[in-house]
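Note sheet for the following structure.
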Amino acid sequence: MAHLLEAGTRVRALARGPADLPPAAEIVRGDLTVPGSVRAAAEGADGLFLLWPFASAEGLEQVLAEVAGHVGRVVYLSSAAVRDNERQAEQLIERSGMAWTFLRPHAFAANALRWAEQIRGGDAVREPYGRAAVSPVHERDIAAVAARALTRDGHAGAVHELTGPHSLTQSEQARVIGEVIGRPVRWEEAAPQEARRQMLDRGWPPEIVDDVLRAQAGATTGPARVTATVEQVTGVAARTFRSWVAEHAHAFRARP
456 MAHLLEAGTR VRALARGPAD LPPAAEIVRG DLTVPGSVRA AAEGADGLFL LWPFASAEGL
516 EQVLAEVAGH VGRVVYLSSA AVRDNERQAE QLIERSGMAW TFLRPHAFAA NALRWAEQIR
576 GGDAVREPYG RAAVSPVHER DIAAVAARAL TRDGHAGAVH ELTGPHSLTQ SEQARVIGEV
636 IGRPVRWEEA APQEARRQML DRGWPPEIVD DVLRAQAGAT TGPARVTATV EQVTGVAART
696 FRSWVAEHAH AFRARP
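Going by the working numbering, the first residue of the sequence shown is number 456, and it counts up by one from there.
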């Protein structure tokens, strides 16, 4: 949103309740589970940024039908994994009649926040698959690509695969966090069964837990894929994981 507002673009946000958004953003009340309620947000809009927050694509076709007559283009935040629900969503969007762009980011740099409590309380991250490699992408780079796709021509029908500039194993990410906050952080390898039990105890659905662990196991075979898409679309090199950690160092430092 900040990228659009900084460029002078009018922004309208659909929200179910009070939202902490910049004053320049217009807020329209609505709910994606009530398709008819999104029409007011779509009227007069040129483009739609769609983040579908549900575990299935059920209901999306009805929402798209409500906005398709008003909005000319849609940018959908999918993922590089293209899970079943995301692929179903992509197919529905392709059939909607709107010009579409799909963003398929790899692992968000912000995923490292799941280690924050461990790092604040000690000098180690205890999880399985320290050798699992990802190419963490800064959320601001995803937003920058989305803003370009929404406001500039040349992105219709494009599938933008987004990564950060480097492949890093999970243990390397922990080391970088330590270097930024000024004290060593080491990786302590845990059994997958231990991690699975902890995630289930925190309320994660079993199918999501198994999907995450399966993906991490599969990522231990070599470097993660790195693309130049962020720079190609925005003209600016993708931000590094180290720069993301510097911006969020407070989350990993022990609190007084």
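Glycine residues also receive a C-beta, built at the ideal position from the N, C-alpha and C atoms.
Quick check: the Cα distance between residue i and residue j, rounded to an integer number of angstroms?
| i | j | result |
| --- | --- | --- |
| residue 472 | residue 710 | 32 Å |
| residue 601 | residue 640 | 34 Å |
| residue 574 | residue 598 | 28 Å |
| residue 540 | residue 581 | 31 Å |
| residue 478 | residue 484 | 16 Å |
| residue 643 | residue 586 | 11 Å |
| residue 657 | residue 650 | 11 Å |
| residue 706 | residue 501 | 37 Å |
| residue 554 | residue 527 | 6 Å |
| residue 469 | residue 683 | 32 Å |
| residue 660 | residue 583 | 19 Å |
| residue 538 | residue 579 | 32 Å |
| residue 506 | residue 513 | 14 Å |
| residue 569 | residue 596 | 20 Å |
| residue 664 | residue 475 | 30 Å |
| residue 566 | residue 518 | 29 Å |
| residue 613 | residue 577 | 44 Å |
| residue 676 | residue 591 | 17 Å |
| residue 551 | residue 686 | 29 Å |
| residue 462 | residue 515 | 30 Å |
For residue i, list the residues DSSP reports as bridge partners.
| i | result |
| --- | --- |
| residue 470 | 484 |
| residue 582 | 644 |
| residue 504 | 530 |
| residue 589 | 623 |
| residue 707 | Answer is none; residue 707 lacks a bridge partner. |
| residue 563 | 592 |
Give every residue of the same chain whose Cβ lies closer than 6 Å to the Cβ of residue i, excluding the five residues on either side of it in the sequence, and list them in chain order.
| i | result |
| --- | --- |
| residue 697 | 631 |
| residue 588 | 622, 624, 674, 678 and 679 |
| residue 604 | 530, 556 and 610 |
| residue 498 | 525 |
| residue 458 | 598, 599 and 602 |
| residue 629 | 580, 640 and 642 |
Counting only the same chain and skipping the five closest in sequence on each side, list residues whose C-beta sits under 7 Å from that of residue i.
| i | result |
| --- | --- |
| residue 464 | 606 |
| residue 486 | 471 and 492 |
| residue 701 | 635 |
| residue 647 | 583 and 668 |
| residue 620 | 681, 692, 693 and 695 |
| residue 521 | 490, 491, 493, 494 and 497 |
Tell me the residue span of the beta strand (DSSP E) that contains residue i.
| i | result |
| --- | --- |
| residue 554 | 554-560 |
| residue 600 | No beta strand (DSSP E) holds residue 600; the alpha helix (DSSP H) holding it covers 594-606. |
| residue 616 | 613-617 |
Along the chain, where does the alpha helix (DSSP H) that runs through residue i open and close?
| i | result |
| --- | --- |
| residue 670 | 661-673 |
| residue 519 | 515-523 |
| residue 698 | 696-702 |
| residue 545 | 539-549 |
| residue 610 | Counting along the chain, residue 610 falls outside any alpha helix (DSSP H), and DSSP gives it neither H nor E. |
| residue 461 | 457-461 |
| residue 494 | 494-497 |
| residue 575 | 571-576 |
Round the Cβ separation of residue i and residue j to the nearest angstrom and send it over; I've been treating them as touching at under 8 Å.
| i | j | result |
| --- | --- | --- |
| residue 688 | residue 615 | 6 Å |
| residue 617 | residue 558 | 6 Å |
| residue 560 | residue 534 | 6 Å |
| residue 564 | residue 699 | 4 Å |
Here's a check: name, in chain order, each residue in its chain whose Cβ is nearer than 8 Å to the Cβ of residue i, leaving out the five neighbours to either side.
| i | result |
| --- | --- |
| residue 460 | 466, 477, 479 and 480 |
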